[in-house]
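One structure is given here, and the rest of the page talks about it.
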Amino acid sequence: MTAPIRTTAPATSGQLATFWLDGDLYGIEVEHVQEVLRSQQLTRVPLAPTAVAGLINLRGQVVTAIELRERLGRPPRPEGTDAVIIVVRLHGEAVSLLVDSIADVVDVDAADFEAPPDTLEGQARDLIRGAYKLHGQLLLALDVQRAVSA
Numbered sequence: 020m021t022a023p024i025r026t027t028a029p030a031t032s033g034q035l036a037t038f039w040l041d042g043d044l045y046g047i048e049v050e051h052v053q054e055v056l057r058s059q060q061l062t063r064v065p066l067a068p069t070a071v072a073g074l075i076n077l078r079g080q081v082v083t084a085i086e087l088r089e090r091l092g093r094p095p096r097p098e099g100t101d102a103v104i105i106v107v108r109l110h111g112e113a114v115s116l117l118v119d120s121i122a123d124v125v126d127v128d129a130a131d132f133e134a135p136p137d138t139l140e141g142q143a144r145d146l147i148r149g150a151y152k153l154h155g156q157l158l159l160a161l162d163v164q165r166a167v168s169a
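Per my numbering: the sequence shown = residues 20 to 169.
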């Protein structure tokens, strides 16, 4: 049985909102970001997939919170460490992503885009569109559509 062929998403130039997760730098297209919030109280959802951390109340709107550490196959967040919440809007719906910390908005150029690193395995490989080389730092471009899908 052969491994499925993964096609690299087309490179884009523009701006990415970046964040840290388990020591790695990730980015999502800035046009998807609605807002960034400090840790919020989560209401757990019984029988939800493990990546669904719970629900948050965003000014009266109930928003699903996705634990990106779980989605990307990373170890759980250390006890006593609060997540930062990135609220993204996709197809008119808000979804929140739990990350370790927010970084900057950076300009990226399609010329600096590369296929996902070979060191990515499992779930992470399917959720990363590719990588940008930024001044000695590797920025992993998250496919936000896939990251919020079940």
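Yeah, the Cβ is synthetic: ideal placement off N, Cα and C, and Gly gets one too.
Assumed close pair residue i, residue j - CB separation to whole angstroms, cut-off 8 angstroms
i           : j           : result
residue 118 : residue 87  : 6 angstroms
residue 61  : residue 72  : 6 angstroms
residue 166 : residue 146 : 5 angstroms
Residues bridged to residue i [DSSP beta-bridge criterion]
i           : result
residue 128 : For residue 128, which the question treats as bridged, DSSP gives no partner whatsoever.
residue 162 : Its beta-bridge partners do not exist; DSSP assigns none.
residue 99  : DSSP output for residue 99 lists no bridge partner at all.
residue 43  : 40
residue 81  : 76
residue 33  : 127
Which of helix, strand or coil DSSP assigns to residue i
i           : result
residue 155 : coil
residue 149 : strand
residue 140 : coil
residue 108 : strand
residue 87  : helix
residue 167 : helix
residue 64  : coil
Other residues of its chain near residue i: CB distance less than 6 angstroms, five sequence neighbours each side excluded
i           : result
residue 124 : 34, 36 and 49
residue 38  : 45, 118, 121 and 122
residue 160 : 46, 148 and 149
Cut-off 8 angstroms between Cβ atoms - residues of its own chain near residue i, not counting five sequence neighbours on either side
i           : result
residue 156 : 44
Same chain, Cβ closer than 7 angstroms to residue i, neighbours up to 5 away in sequence not counted
i           : result
residue 108 : 51 and 53
residue 143 : 91 and 92
residue 64  : 71, 73 and 74
residue 59  : 75 and 104
residue 89  : 69 and 70
residue 32  : 127, 128 and 129
Residue i classed as buried or exposed, judged by whether at least 16 other C-beta atoms fall within 10 angstroms
i           : result
residue 66  : exposed
residue 115 : buried
residue 81  : exposed
residue 158 : buried
residue 97  : exposed
Any non-hydrogen atom of the ligand MN within 7 angstroms of residue i CB
i           : result
residue 167 : Looking for the ligand MN in the displayed structure turns up nothing, as the structure carries no ligands at all.
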